[in-house]
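Quick notes on the structure that follows.
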Amino acid sequence: MRFTITRQNLHNGLVAVSASIPSKTTLPVLSNILFSTDGDGIWMNGTDLDVAVRVRVPAEVLESGNLTAPGRKLQEITRELPDHPVEVTTQNDQIELRCGRSHFKLNGLPADEFPTLPSVGFDEGWTVKGGDLQRLIHHTSFAVSTEESRPILNGVLWELSSSEMRMVATNGHRLARMTMPIGSSTATGADFIVPPAALQQVQRLFRDEDDLSVSRSGNHLGFCSGGTEVYTRLIDGAFPNYEQVIPKDNDKHAIVEKRALESAVRRMAVVASDQTHRIRMAFEEGKVHLNVLTPDLGEGHDELELEYQGQELEIGFNANYLLEVLRYMPTDEVRLTFQAPERAATLEPVSESDDKIDYLCLVMPLRLLD
Amino acid sequence: MTLHPLWGHEAERLMLARARQEGTLPSTLLLHGPRGVGKQRLALWMAQLLLCESPEEEPCGCCHSCRLTLGLQHPDLHWHFPLSRPKGASGDRLGEALEKERSRVLEQTRVTPIRFVHLASPFGIYLAAIQTLRRRAQSRPSMGNEQIFVVGNAEALVPQEASPEAANALLKLLEEPPTQTRLILTSSEPGRLLSTVRSRTVPLYVGRLPGETVKRFLEKEAGVDAATAGGVSALADGSIGRALGFLPDDEGVVPLEQLRLRALELVRASLSPKQGDAFALALSFAPTGGRSLVELLNFLDQAIRDVAAVAAGAPERALNPEIADLMQRAGSENTPHPTDAAKCLAAVERCRELARGNVNPQLLIAGLTGDLRHSLLGKGQSPEGSPS
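As you go down the protein sequences, you meet chains A and H in turn. Here the first sequence is numbered in numbering that gives the first Met the number 0, starting from 0 and rising by one per residue. Here the second sequence is numbered in numbering that gives the first Met the number 0, starting from 0 and rising by one per residue.
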């Protein structure tokens with residue numbers, strides 16, 4: 000294999016792919032990037048077996064071929080190279096880089112030791128706007144569970160239909176759900192449970208203005224736009240029926256300024272218990288009282304003005320969950336709804352414009368001890 | 000380097016291959032049988048067959064999947080085995096440290112696939128390793144249609160008494176493996192597996208190999224000359240793993256020969272008319288590290304079996320050629336009856352259990368030789384009065 004490439008193109012390709020290379024692995028070849036020539040460009044592939052990234056960069060190919068070479072070392076070298084064309088050649092299992100007066104030889108591994116990347120055909124699938132997908136990922140993936148006891152909750156549920164797409168994530172204590180319209184579709188509806196690591200790669204590699212093709216093949220889901228492809232292994236199993244836990248009959252409503260509530264909750268969290276992070280919120284007409292009492296530490300009290308409709312209510316929350324959910328609310332005002340102290344509360348953005356955001360977060364309350 | 004070909008076990012291979020073809024292969028298998036006969040190699044062969052792109056009754060051996068499996072590089076093959084507990088690692092870091100150690104051992108196996116594997120003590124398959132395995136099992140296969148988890152020496156899931164956490168953590172997965180997932184456990188001591196593990200797996204006995212197969216393996220795969228291969232295969236007792244332990248390593252040390260000779264010393268001391276010989280031998284052991292005796296006691300089992308063979312007038316059946324000479328030196332009045340030798344095996348088993356509990360080796364050996372003397376010569380303490 001022999002090709003000439005600009006330093007910038009080589010570096011960009013390596014940066015894109017390197018993030019998918021695992022830092023620790025039992026398969027040495029996974030520390031490498033697979034290079035393969037293709038017409039007037041080269042493909043670079045990297046994978047940690049859960050997520051695979053494939054990027055095509057323009058290059059002048061003089062001799063076709065393929066080889067795997069250590070990804071991180073190559074990235075470190077190209078970062079420091081002068082801004083000259085880089086001549087890359089391979090000999091047996093070695094890759095050689097020449098750039099100006101710099102010359103490097105690195106040991107690689109044969110290309111056939113590299114795992115076969117999933118073959119996903121993008122003829123049938125969905126087309127989504129990069130910006131819409133980024134928004135969905137940003138507003139939901141934070142709620143994914145990190146506990147291993149229920150692996151199904153370690154992923155984001157992505158429901159795709161012919162007209163809209165929805166993402167849902169939960170850890171059993173709080174939940175985030177967002178719906179967006181879809182560009183176009185040549186496939187029927189489908190649900191996937193996608194690992195958040197793959198969604199992070201999608202966020203990192205695609206721009207808002209990109210039109211992404213999304214398609215599934217067997218165990219894998221693929222994202223493609225231009226010369227960049229991301230593949231991910233899907234999580235196996237059935238996602239819990241989240242609709243069941245979203246309350247439909249919450250009759251108490253509060254509208255509050257997001258920043259003011261965030262700030263008050265953060266103040267209360269300072270004095271809250273390190274174990275439970277419990278704060279008490281007492282809603283009444285026109286205001287909410289925030290209280291915290293931690294016997295070993297002390298107590299705190301705060302008060303906030305808001306619009307409130309319904310009977311007076313005292314409810315407890317984990318301050319961290321509440322803060323997390325508030326952080327991802329896209330509007331200045333949020334609507335909170337409740338039914339009873341032991342029932343789930345919901346938070347939704349309040350938008351005055353016509354394009355209503357279909358976004359809902361749910362937080363389970365904590366039992367209050369008198 | 001790639002794994003060496005699987006030698007022997009043709010009947011088991013055929014049965015497994017046919018079960019795969021008929022779609023009746025269980026999701027969870029337990030391959031059990033003597034140590035070193037190739038149970039893990041058979042499990043890896045099975046994995047190769049399941050991952051092969053054009054399998055028949057044998058994996059094709061030349062497709063991309065087969066090449067990756069033979070190089071231990073297939074992303075859908077996860078091979079777990081007992082490891083020493085990494086020092087200074089605990090909590091979340093233990094899982095990472097164990098994966099690093101597993102990676103090191105796998106690399107060593109890739110570079111030197113044919114080598115004697117001496118399980119260092121203490122070793123085990125720890126909870127953190129099973130948590131890693133469980134996490135992987137929840138994902139779908141990367142390349143093939145299935146992912147295969149091989150857990151070698153699965154008795155190490157309970158590294159010591161009252162530590163069944165790792166074995167318990169595997170139960171759910173054994174009972175309901177996710178789709179496209181298979182688990183193959185191997186064990187040379189299936190009795191040490193939790194009954195709940197045994198009841199969730201389909202057992203398949205993998206027996207000893209014919210001596211001729213072991214000899215040919217040594218000649219062809221390990222490059223040993225015919226004379227050495229013949230001598231070593233006689234000591235190997237149908238186990239390739241054990242035969243490799245009787246070959247000198249890079250430093251010229253023969254790892255299992257030391258243990259074999261030590262077992263013979265135990266028999267000599269037990270047959271000696273002077274009880275002081277037994278105590279002197281006990282004192283030559285270190286006062287700590289009882290678990291290290293387990294392997295020695297396996298050799299003692301064999302030496303006692305040889306005592307019975309010689310006592311029964313069949314010295315040619317003895318694996319240790321020195322036993323006949325040793326009994327002759329002890330004198331005709333000290334020659335035990337074959338049934339007395341059989342009674343010794345129970346004493347060795349009791350001692351083995353105590354060794355697993357990490358009892359002081361000096362006490363164990365003193366008690367054991369007392370028991371052996373009582374059984375073989377009718378002298379010394381009775382088993383009830385002994386420390387064991």
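Virtual Cβ for every residue (Gly too), placed ideally from N, Cα, C.
Taking a contact as a CB-CB distance under 8 angstroms, the pair H/Leu-255 and H/Gly-237 does not count as one, their CB atoms being some 15 angstroms apart. Residue state for A/Ile-181 is assigned as coil, using DSSP reduced to three classes. The C-beta distance from A/Glu-347 to A/Val-333 rounds to 7 angstroms, short enough to meet the 8 angstroms contact threshold. The C-beta separation of A/Leu-312 from A/Lys-251 comes to about 6 angstroms, placing the pair in contact by the 8 angstroms criterion. With respect to A/Thr-25, A/Pro-114 sits apart: the two C-beta atoms are not nearer than 8 angstroms.
If you check each beta-carbon in the region 82 to 103 of chain H against every beta-carbon of chain A, the ones closer than 8 angstroms belong to Glu-95, Glu-98, Lys-99, Arg-101, Ser-102. A direct Cα-Cα distance of roughly 31 angstroms separates A/Glu-86 from A/Asp-209.
Legend: CB atoms of the region 172 to 202 of chain H lying less than 8 angstroms from CB atoms of chain A belong to residues Pro-177, Thr-178, Gln-179.
Nearest C-alpha to A/Phe-316 among A/Gly-309, A/Leu-13, A/Ala-339, A/Pro-329: A/Ala-339. About 17 angstroms separates the beta carbons of A/Gly-297 and A/Val-264, which is beyond the 8 angstroms limit, so they are not a contact pair. The criterion of a C-beta distance shorter than 8 angstroms is satisfied by A/Ile-136 and A/Val-201. For the region 43 to 73 of chain H, the set of positions with a beta-carbon nearer than 9 angstroms to some beta-carbon of chain A reads His-63, Ser-64, Arg-66, Leu-67, Gly-70, Leu-71, Gln-72, His-73 in chain order. For A/Pro-180, the closest Cβ of chain H is not nearer than 8 angstroms. Under the three-state reduction of DSSP output, H/Trp-6 falls in the coil class, being neither helix nor strand. By the neighbour-count criterion, in which a residue is buried when 16 or more other Cβ atoms sit within 10 angstroms of its Cβ, A/Met-166 is buried.
Scanning H/Glu-220, H/Leu-371, H/Gly-32 for the CA closest to the CA of H/Glu-348 turns up H/Leu-371. With its beta carbon less than 8 angstroms from one in chain H, A/Pro-114 belongs to the interface. Between H/Leu-265 and the set H/Ala-341, H/Ile-364, H/Pro-176, H/Leu-82, the nearest pair of CA atoms involves H/Ile-364. Counting only unbroken stretches of 4 or more residues, the alpha helix (DSSP H) elements lying wholly within the region 115 to 193 of chain H are 126 to 136, 164 to 174, in sequence order.
At a Cβ-Cβ threshold of 8 angstroms, H/Pro-202 and H/Leu-29 count as neighbours. The beta carbons of H/Thr-131 and H/Glu-98 sit closer together than 8 angstroms.
By the Cβ-count criterion, H/Glu-11 is buried, with 16 or more other Cβ atoms from all chains shown falling within 10 Å of its own Cβ. C-alpha of A/Ile-254 to C-alpha of H/Pro-85: approximately 55 angstroms in a straight line. Contact with chain A is absent for H/Pro-272, since none of that chain's Cβ atoms lies less than 8 angstroms from the residue's Cβ.
A/Ala-175 sits in a strand when the DSSP states are folded into three classes. Using a Cβ-Cβ cut-off of 8 angstroms, H/Pro-140 counts as an interface residue toward chain A, since at least one Cβ of chain A sits closer than that to its own.
Assignment of H/Thr-23 by DSSP, reduced to helix, strand and coil, places it in the coil class.
The beta carbon of A/Ala-58 sits closer than 6 angstroms to the beta carbons of Phe-2, Ile-4, Gly-40, Ile-41 from its chain, once the five residues preceding and following it are set aside; these are given in chain order. Bounds of the beta strand (DSSP E) holding A/Asn-317 are 312 to 317. For the alpha helix (DSSP H) assignment, the uninterrupted runs of no fewer than 4 residues enclosed by the region 25 to 81 of chain H are, from N- to C-terminal side, 38 to 50, 63 to 69.
At a Cβ-Cβ threshold of 8 angstroms, A/Thr-77 and A/Arg-6 count as neighbours. The beta carbon of A/Asp-49 is closer than 8 angstroms to those of Pro-194, Ala-196, Ala-197, Thr-231, Arg-232 in its chain, skipping five residues each way along the sequence. Around the beta carbon of H/Arg-267, 16 or more other beta carbons sit within 10 angstroms, so the residue counts as buried. Assignment of beta-bridge partners to A/Cys-223 by DSSP yields A/Ser-212, A/Glu-228.
DSSP places A/Leu-296 in the coil class of the three-state scheme, outside both helix and strand.
Per DSSP, A/Glu-62 is one residue of the beta strand (DSSP E) stretching across 59 to 62.
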